[in-house]
Amino acid sequence: MLSIAIIEILFQIVSAIMVPEFWYELQELEKSQGIQEGDRSLIIADTMERYNKSNLDSDWTPCVMSFLRDHSKSSMTVLMANSSEDRLADLDLLVRIFQADIATYTLNNAEDLNGYEKISSIIIVIENLEDLKRRNCTHYLKLCTYESCKFVVIIGSRIFEDEDNFLQEANNIQQWMWLERISKIIILGNIGGTVLLASSRSFKPDELCTPSEPILLSKCEGNVWEGESEIENLRLNGCKLVVGYHDYPPYSFVSNETGGGKILGLEGFMIEEILSGMKGRAIRELITLTGNESIDNDFKMITYQDALKIDLLIGGRLWNPDKDTDFTIAYDMVPLVWILPTKSNVSLRGLVAPFGKTVWLGILGVLLLGIIVKLFLIKNISFLDISALVLGVSVFRQPVETSSRLLFISWALFSFFITQYYLASLSEQLINASNLQIETMKELLSSGLELGGTSRYANLFDNKDEDEDDDYEEKVLIRDIREKFLIFSYDDYVRQLSDLFKGKNTSIALVVKLNVSDHQLLNLPKQHVSVLKENMGTHPLAIATWKGFPCLKRINIKMQELIENGITKHWAQLITMNGNYFHLDDETESDNVIDLESVAPSFLLLIIGYLIGICVFIIELIAFPSKFLE
């Protein structure tokens, strides 16, 4: 009845226990006792009677109780071997006594597991390792396979002969559970009146990461624990992690010129640096993308394509955890935008577009100043001549006086520079004005262009449609885009994108990660495409790993240090400087628009001419007053 005593401990520690199924036993008891349906006093009374008859005076019960009290969390699961000796199935009468903080399962294949997303610990009560294997409990263990989850294994129906015997059984359990990628385990066993606690603290060195043999951490006699009892992440200890990478500059690639075949690129640098600091070693595996696979596709499909299971997958992946995949913290945010084909369509808006508003205002001011000059200084030239001169059009009549000629020359120089600036940008603006007609996703949807991308981008529309913060109109727009969205395989997507950049495809708009530089995008001409002003938002980039990866927390700490110290940003700048990668500068749009600062020399020449002309006019007025009086 030792396992019954352990369950009594659990019952005292937590506020509730829940066991699925076996509702029929409760109904039978209600009928036999004549109790109203739904009355739970029978359950509680019957349960207490069972516990009172159990072996609660066991020497090691207080030790187990104190340990579980210290390690219990608000949400945990208890797995029990359904032993015929202890008749643990009788505990299923505890159905729905309280609102459950603990979920309790007997190890059989009949139960339908519910999903518990916030389980922090799992307590397993078994007789031995064979008990776990015999009952095929792997689907139970996956209730809690993320990195922060802790497992407590209690060997409850066996008294070991000595410590070596217990450690051997603990090692067998540890290695078997590692096959299910479970590493944070503490194992409790009994030798006479002493409770032993064992766990592994590191991986085996110089081989694929496998937990080393458990060591004895603590003992308990008379409810007094001596030694360690914390459940910790395993240290790498020089073991080998399998790092999968894509040939995907600037994030991951390998050069034969580098010694040791180290992974280059931004994520390659980060992983090499982090593993070096953690005393880990990397086995590098190139992941080849073909067919319907893409860098953002299912992690499990990619990582199991080789004999070695991938521990870390790098190559510019969007942060998107699921039931099989976990991610490090995000180290960068990238915008997703629509790349549109450019359609040549001359627009009269291009006549105004080359100059900014300030330049046009400056030219208008010069014309007004010319009117004033005409009224007081150059009376023998008409207003039309002055306007033509300022705008760069030649005039037949010219002034005779020296001061007037100087003003005339300053206008001519000013108009020459202004005209050259204007004409240099005019042809491009006349054509590019048509690109500004599609500026929003709503306009894109009604433009008649086909919309497409990979399945990963299609999923982003699905996720955005579920966002409660978006208004109704935006949700309708996203839904309409998703219905029209064409999903391409990786190879087809790269081919479509290449044709779009080369101007061969003018009927489709594609979603692109701007900061991710496909090697297919390098050195491609960009005069055939434009970027939609309204983007799809920014999305985090991170490094992928399998669910429950025991080193994730330490990797996150190291990565956070690289980010906060500016090292990641520095690496990114160096990589960008060494490659012609596709980027969108926020100022690209305004590069072809001439602002006031660009034409400042023209205005400076005009001002100098005016000052000299006025000075000469004053000299002429003093030297030849009679001439001006006439």
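Counting from 434, one number per residue, gives the positions in the sequence shown under the numbering used here.
Note that the Cβ used here is the ideal one computed from N, Cα and C, for glycine as well.
Are there 16 or more other CB atoms within 10 angstroms of the CB of residue i, so buried, or fewer, so exposed?
{"i": "ALA1056", "result": "exposed"}
{"i": "THR721", "result": "exposed"}
{"i": "GLN607", "result": "buried"}
{"i": "ILE615", "result": "buried"}
{"i": "ILE1040", "result": "exposed"}
{"i": "CYS1048", "result": "exposed"}
{"i": "LEU985", "result": "buried"}
{"i": "ARG889", "result": "buried"}
{"i": "TRP1004", "result": "buried"}
{"i": "ASN598", "result": "exposed"}
{"i": "GLU602", "result": "buried"}
{"i": "TYR923", "result": "buried"}
{"i": "TRP979", "result": "buried"}
{"i": "LYS566", "result": "exposed"}
{"i": "LEU1044", "result": "exposed"}
{"i": "ASP759", "result": "buried"}
{"i": "THR835", "result": "exposed"}
{"i": "TRP793", "result": "exposed"}
{"i": "GLY698", "result": "buried"}
{"i": "THR971", "result": "exposed"}
{"i": "LEU965", "result": "buried"}
{"i": "ILE1051", "result": "exposed"}
{"i": "VAL657", "result": "exposed"}
Put residue i into one of helix, strand or coil per three-state DSSP.
{"i": "TYR905", "result": "helix"}
{"i": "LEU600", "result": "helix"}
{"i": "ARG376", "result": "Any answer about residue 376 is impossible in this case: the structure gives the chain only from 434 up to 1063."}
{"i": "LEU612", "result": "coil"}
{"i": "TYR416", "result": "Look at the range of the chain in this structure, 434 to 1063, and you will see that residue 416 is not part of it."}
{"i": "CYS672", "result": "coil"}
{"i": "GLY710", "result": "helix"}
{"i": "ASP759", "result": "strand"}
{"i": "LEU919", "result": "strand"}
{"i": "THR791", "result": "helix"}
{"i": "ARG634", "result": "coil"}
{"i": "LEU746", "result": "strand"}
{"i": "ILE1141", "result": "For residue 1141 there is no data in the structure shown, the boundaries of the chain being 434 and 1063."}
{"i": "GLU967", "result": "coil"}
{"i": "GLU659", "result": "strand"}
{"i": "TRP640", "result": "For clarity, residue 640 is Glu in the given sequence; the question names Trp instead. Here GLU640 sits in coil by DSSP."}
{"i": "CYS1048", "result": "helix"}
{"i": "GLY626", "result": "coil"}
{"i": "GLY798", "result": "helix"}
{"i": "TRP752", "result": "coil"}
{"i": "SER931", "result": "helix"}
{"i": "LYS1002", "result": "helix"}
{"i": "CYS496", "result": "helix"}
{"i": "ASP913", "result": "helix"}
{"i": "LEU565", "result": "helix"}
Relative to the C-alpha of residue i, which residue among the options is closest?
{"i": "TYR678", "options": "GLY655, CYS653, ASN989, GLU700", "result": "GLU700"}
{"i": "PRO682", "options": "ILE1051, LEU947, THR971", "result": "LEU947"}
{"i": "TRP611", "options": "GLU646, ASN623, TYR890", "result": "GLU646"}
{"i": "PRO768", "options": "GLU967, CYS672, SER499", "result": "GLU967"}
{"i": "SER662", "options": "LEU697, VAL585, THR627, ILE624", "result": "VAL585"}
{"i": "GLY885", "options": "PRO754, PHE921, GLU594", "result": "PHE921"}
{"i": "ILE976", "options": "ILE592, LEU667, VAL558, PHE702", "result": "PHE702"}
{"i": "VAL927", "options": "LYS917, LEU943, ARG915", "result": "LEU943"}
{"i": "ASP765", "options": "TYR684, GLU602, ILE716, ASP639", "result": "TYR684"}
{"i": "HIS961", "options": "PRO983, GLY970, ASP932, ARG987", "result": "ASP932"}
{"i": "PHE686", "options": "LEU746, LEU974, LEU621", "result": "LEU746"}
{"i": "CYS672", "options": "GLU654, CYS653, MET711", "result": "MET711"}
{"i": "PHE894", "options": "ILE1052, ASP904, LYS908, ASP755", "result": "LYS908"}
{"i": "ASN892", "options": "ILE716, MET969, THR939", "result": "MET969"}
{"i": "GLU1099", "options": "ARG634, ILE592, LEU919", "result": "No answer is possible for residue 1099: the residues shown for the chain start at 434 and end at 1063."}
{"i": "GLU594", "options": "LEU562, ASN605, TRP609, VAL628", "result": "VAL628"}
{"i": "GLY622", "options": "ASN753, GLN1006, GLY981, PHE500", "result": "PHE500"}
{"i": "PHE918", "options": "LEU846, ASP564, TRP771", "result": "TRP771"}
{"i": "GLU640", "options": "GLY626, LEU674, GLY999, ARG502", "result": "LEU674"}
{"i": "GLU563", "options": "TRP609, ILE555, SER554, GLU596", "result": "TRP609"}
{"i": "ASP680", "options": "ILE762, GLY655, GLY749, ILE619", "result": "GLY749"}
{"i": "GLU876", "options": "LYS935, LYS583, LEU773", "result": "LEU773"}
Measure how close the beta-carbons of residue i and residue j come, nearest whole angstrom, since I'm counting them as under 8 Å.
{"i": "ILE941", "j": "GLN929", "result": "6 Å"}
{"i": "ILE707", "j": "ILE696", "result": "Rounded, the Cβ-Cβ distance is 12 Å, inconsistent with contact."}
{"i": "GLY713", "j": "LEU669", "result": "4 Å"}
Consider the C-beta atom of residue i and the heavy atoms of the ligand GTP; say whether any pair is separated by less than 7 Å.
{"i": "VAL687", "result": "With respect to small molecules bound, the structure shown includes none, and the ligand GTP cannot be examined in it."}
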